[in-house]
Amino acid sequence: MSTVERTRRRPRGGELAPYAILAIMIVALALVPVVTQYTVRTANVYDIFQNFASYGLVALALGITIIAGEFDLSVSSMYLLGGMVAVLTGAGSPMLGIAAALGAAVVVGVTQGGLIAGFRLNSMPVTLGGYLVVLGITYILGHNKSVLYDNYTVGLRLDEPVLQIFSIRSLVSLGIFVVATLVLRYLRVGRDLRAIGGDRRAARVAGVPVDRLLVGVFVVSALGAALPGALLSYSLATASPTNIGFDVLTFSATAALIGGVSLSGGKGGAVGIAAGVLSLSVLQEILAILRSPDYVSSLITGGLLVAVTIVWAPELSQWFRTTRIATSVEDERTPA
Amino acid sequence: MARVGIERRPFRVADAALALWIAMLAAVTVYGAATTTGFLTVSNMKAILTAASFVGIIAVGLTVIVLSGNLFSLALGQTAAISAMVFLYTLRLGLVAAILLTLLLGLTIGAVQGFVVGAWGANPIIVTIGAAGLMEGMAVWLSHGQSIVPPAGQTSWEHLANPVLGLPAPVYVFIVVTVILAVVMRRTRFGRQIYLLGENRTAARAAALPITLLTVGAFGIASLYTAGSGVLIGATSANASLLLVGSYTYDAIAAALVGGNAVTGGRGSIARTALGAIFIATISDMLLLRGYSTGGQILVRGIIVVVVVVLTNLRERSR
Chain A
2 MSTVERTRRR
12 PRGGELAPYA
22 ILAIMIVALA
32 LVPVVTQYTV
42 RTANVYDIFQ
52 NFASYGLVAL
62 ALGITIIAGE
72 FDLSVSSMYL
82 LGGMVAVLTG
92 AGSPMLGIAA
102 ALGAAVVVGV
112 TQGGLIAGFR
122 LNSMPVTLGG
132 YLVVLGITYI
142 LGHNKSVLYD
152 NYTVGLRLDE
162 PVLQIFSIRS
172 LVSLGIFVVA
182 TLVLRYLRVG
192 RDLRAIGGDR
202 RAARVAGVPV
212 DRLLVGVFVV
222 SALGAALPGA
232 LLSYSLATAS
242 PTNIGFDVLT
252 FSATAALIGG
262 VSLSGGKGGA
272 VGIAAGVLSL
282 SVLQEILAIL
292 RSPDYVSSLI
302 TGGLLVAVTI
312 VWAPELSQWF
322 RTTRIATSVE
332 DERTPA
Chain B
26 MARVGIERRP
36 FRVADAALAL
46 WIAMLAAVTV
56 YGAATTTGFL
66 TVSNMKAILT
76 AASFVGIIAV
86 GLTVIVLSGN
96 LFSLALGQTA
106 AISAMVFLYT
116 LRLGLVAAIL
126 LTLLLGLTIG
136 AVQGFVVGAW
146 GANPIIVTIG
156 AAGLMEGMAV
166 WLSHGQSIVP
176 PAGQTSWEHL
186 ANPVLGLPAP
196 VYVFIVVTVI
206 LAVVMRRTRF
216 GRQIYLLGEN
226 RTAARAAALP
236 ITLLTVGAFG
246 IASLYTAGSG
256 VLIGATSANA
266 SLLLVGSYTY
276 DAIAAALVGG
286 NAVTGGRGSI
296 ARTALGAIFI
306 ATISDMLLLR
316 GYSTGGQILV
326 RGIIVVVVVV
336 LTNLRERSR
């Protein structure tokens with residue numbers, strides 16, 4: 002009962018929220034010169050898109066797993082493995098390195114997705130194990146230390162400004178976002194994805210190939226982590242197995258949830274996720290301009306993540322409603 | 026409950042797989058013990074028990090979250106690290122005050138997360154990832170990025186790390202808090218309601234169980250136990266910073282899963298987790314002695330987690 006009510010009520014405010022947040026962030030960026038003597042330049046916009054290039058696809062991939070009603074904790078180590086494999090195999094040909102990184106991602110994705118779909122397992126513990134396995138492999142491949150990539154020109158080429166504000170790296174990410182938007186909106190697979198996230202049993206009954214889609218979802222999420230990881234490693238000319246904790250995961254989960262992806266599954270789209278990533282990227286740029294220490298960023302991201310999780314919590318509106326009834330404001334309940 | 030089920034049920038493939046897995050683990054352990062130089066020594070056994078204690082205290086606390094059907098917490102390592110920092114910092118107020126303050130802080134941190142999860146149905150994994158980020162930010166902010174050392178002239182805390190009757194003090198703490206929690210989970214109404222909540226949330230709601238309060242309790246206990254472990258970790262290393270976060274989160278989760286507790290809640294026990302913690306510590310120690318790299322150790326842990334999750338699920342489903 003209450004779910005029906007909620008799905009009808011949420012979209013009005015909920016669908017616009019990602020863009021409202023992005024607008025607030027852009028206004029905040031515009032106000033930076035008022036507070037400090039700093040003038041915002043095109044270089045700042047370039048930085049924002051570079052940040053988008055580094056994490057946007059992970060947010061998109063994670064967002065797709067959440068839309069399908071699952072979650073992938075292994076993206077943060079898959080990101081590192083992607084970089085490590087690309088640097089180790091791409092010494093001669095960078096494209097070969099990318100291909101190898103994507104190949105590794107397919108193996109990881111098929112394994113995790115196969116286990117989750119085949120045994121009907123909860124994706125959290127499986128991908129937690131997957132996170133450890135992938136991290137362990139990254140350490141072993143790098144012999145427990147950072148590996149340098151000698152082909153510096155590749156990174157320079159990838160990050161060379163295009164039209165002042167873009168680079169090949171950010172254009173690749175933006176291009177994939179456009180494709181994902183079209184696929185999720187107009188192809189059957191997009192609808193099926195939302196169906197298995199919204200009501201899996203009904204989707205199965207309706208003939209949606211649930212298991213195949215689930216494997217696909219985990220392959221996509223591994224690919225979405227490995228590709229930007231590989232590109233970033235080329236850009237930095239180094240790959241590191243260091244456990245950077247859940248930084249990539251925190252950023253991308255926050256971005257996806259700000260972007261209107263619902264944790265209860267079945268809702269969200271690529272444009273919203275892009276808005277979420279851009280919002281966080283603008284925020285990072287503001288913090289960088291203000292020279293805030295690192296902990297401010299981690300406080301804000303952590304706080305935002307908790308806040309959006311609460312906003313998306315399924316029983317939140319119910320809780321408030323019952324509390325309101327308790328304080329005898331019953332007008333709220335009159336049917337519209 | 027669980028034991029009756031096992032006796033009455035006919036033999037299934039999943040049981041055979043589980044038995045085979047246990048036999049394999051036992052064989053590997055025995056083989057490793059016999060062939061690893063320096064493994065079967067008294068000092069190494071003490072090292073294993075000490076390592077198992079730090080992780081074990083966190084893991085048995087975490088088990089209450091697992092049993093309540095809220096999966097697990099990804100903020101445990103951070104909670105342990107900031108507890109160690111707070112403990113060493115507040116030592117200037119005296120040992121007892123420092124311990125009580127640290128435990129109170131741990132309980133509060135957990136209770137807040139539990140409230141968000143229990144009252145509003147927020148996703149426990151994401152909430153705890155966010156909480157971990159918040160805690161890391163706070164810790165760096167308040168400590169100015171420096172590691173915390175005990176105040177000069179204070180030595181009372183050293184007792185927490187010193188051996189008593191040949192074994193380090195944390196080992197006794199581990200045993201005592203495990204027994205207490207096992208009794209609470211088996212014998213009290215709170216414990217039984219946690220099992221019911223994890224087994225069937227809808228039924229728990231229908232039976233008007235205080236779901237919010239139970240979830241606050243589950244996260245509160247996990248965080249309280251983690252803070253207790255943090256006190257011991259701080260006392261043992263006499264120097265606390267975020268570097269202590271290390272792999273406590275994953276080791277604790279691995280211990281709870283390897284013990285065979287159902288990830289989806291309702292089935293399992295505190296004792297299983299305690300055994301899981303000792304097993305994980307044994308394997309880590311053996312790999313370390315055999316010269317495995319960090320990567321190898323992480324990899325083995327990950328494989329164990331995945332295999333156990335699959336096997337536990339097969340067994341649960343064949344019920």
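Top line first, the protein sequences correspond to chains A and B. Basically this note's numbering = 1-based index in the first sequence + 1. Basically this note's numbering = 1-based index in the second sequence + 25. For glycine and all other residues, C-beta sits at the position ideal for the given N, C-alpha and C. This structure is a prediction, so every number in the text was calculated from the model and none was measured.
- In the three-state reduction of the DSSP assignment, valine 196 of chain B falls in the helix class, which pools H, G and I.
- Using a Cβ-Cβ distance cut-off of 8 Å, the segment 48-61 of chain A and the segment 92-105 of chain A are not in contact, since fewer than three pairs of beta carbons, one from each stretch, lie closer than that value.
- Residues of the segment 285-311 of chain A with a Cβ closer than 9 Å to any Cβ of chain B, in chain order: Pro294, Asp295, Tyr296, Val297, Ser298, Ser299, Leu300, Ile301, Thr302, Gly303, Gly304, Leu305, Leu306, Val307, Ala308, Val309, Thr310, Ile311.
- Listed in chain order, the non-local C-beta contacts of tyrosine 114 of chain B below 6 Å within the same chain comprise Ile173, local neighbours out to five positions each way being set aside.
- DSSP, reduced to helix, strand and coil, places phenylalanine 64 of chain B outside both helices and strands of the structure shown, so it counts as coil.
- From the beta-carbon of asparagine 152 of chain A, no residue of chain B is found nearer than 9 Å; the closest lies around 25 Å away.
- Contact check for leucine 116 of chain B against alanine 277 of chain B fails: the beta carbons are separated by 8 Å or more.
- Shown here, phenylalanine 72 of chain A sits in coil according to DSSP, grouped into three states, outside any helix or strand.
- For arginine 326 of chain B, at least one C-beta of chain A is nearer than 8 Å to its own C-beta.
- Along the segment 166-208 of chain A, the alpha helix (DSSP H) occurs as fully enclosed runs of 4 or more residues at 169-187, 189-199, 201-206, listed in sequence order.
- For the segment 223-235 of chain A, the set of residues with a beta-carbon nearer than 8 Å to any beta-carbon of chain B is empty.
- Contact with chain A is absent for tyrosine 273 of chain B, since none of that chain's Cβ atoms lies less than 8 Å from the residue's Cβ.
- Residue environment for valine 89 of chain B: buried (at least 16 other C-beta atoms within 10 angstroms of its C-beta).
- One finds nothing in chain B with a Cβ atom closer than 7 Å to the Cβ of isoleucine 65 of chain A; even the nearest lies about 16 Å away.
- Around the C-beta of lysine 146 of chain A, fewer than 16 other C-beta atoms lie within 10 Å, and the residue is accordingly described as exposed.
- For the set B/Gly291, B/Thr251, B/Gly321, the Cα lying nearest the Cα of glycine 81 of chain B is the one of B/Thr251.
- Leucine 99 of chain B sits in coil when the DSSP states are folded into three classes, being neither helix nor strand.
- Contact between valine 88 of chain A and tyrosine 150 of chain A is confirmed by a C-beta separation of about 4 Å, below the 8 Å threshold.
- In the structure shown, alanine 87 of chain A falls within a helical segment according to DSSP collapsed to helix, strand and coil.
- With contacts defined by Cβ atoms closer than 8 Å, glycine 137 of chain A and glycine 321 of chain B form a contacting pair.
- For the segment 123-140 of chain A, the residues whose beta carbon sits under 8 Å from a beta carbon of chain B are, in order, Asn123, Met125, Pro126, Val127, Leu129, Gly130, Gly131, Tyr132, Leu133, Val134, Val135, Leu136, Gly137, Ile138, Thr139, Tyr140.
- Threonine 213 of chain B sits in coil when the DSSP states are folded into three classes, being neither helix nor strand.
- A contact is defined here as three or more CB-CB pairs under 8 Å, and the segment 219-226 of chain B fails this definition with respect to the segment 116-125 of chain B.
- At least 8 Å separates the CB of leucine 81 of chain A from every CB of chain B.
- With a threshold of 8 Å between beta carbons, proline 242 of chain A makes contact with chain B.
- The way I'd put it, the segment 122-136 of chain A doesn't touch the segment 303-311 of chain B; fewer than three beta-carbon pairs between them come closer than 8 Å.
- Within the DSSP bridge table, the entry for threonine 239 of chain A names A/Leu149 as partners.
- Distance between proline 229 of chain A and glycine 131 of chain B, taken at the CA atoms: about 37 Å.
- Cα atoms of leucine 17 of chain A and glycine 198 of chain A: separation of roughly 21 Å, rounded to the nearest angstrom.
- For the set A/Arg170, A/Pro315, A/Phe252, the Cα lying nearest the Cα of isoleucine 301 of chain A is the one of A/Phe252.
- If you look at tryptophan 313 of chain A, you'll find it in the alpha helix (DSSP H) that goes 295-313.
- Counted as a single uninterrupted DSSP element, the alpha helix (DSSP H) harbouring phenylalanine 244 of chain B occupies residues 236-262.
- Arginine 186 of chain A has its alpha-carbon roughly 26 Å from the corresponding atom of phenylalanine 167 of chain A.
- Within a 10 Å sphere around the beta-carbon of serine 68 of chain B sit fewer than 16 other beta-carbons, which makes this residue exposed.
- Sorting A/Gly303, A/Ile290, A/Leu317 by C-alpha distance to the C-alpha of valine 35 of chain A places A/Ile290 at the top.
- A buried status is given to threonine 66 of chain A, since no fewer than 16 other beta-carbon atoms sit within 10 Å of its beta-carbon.
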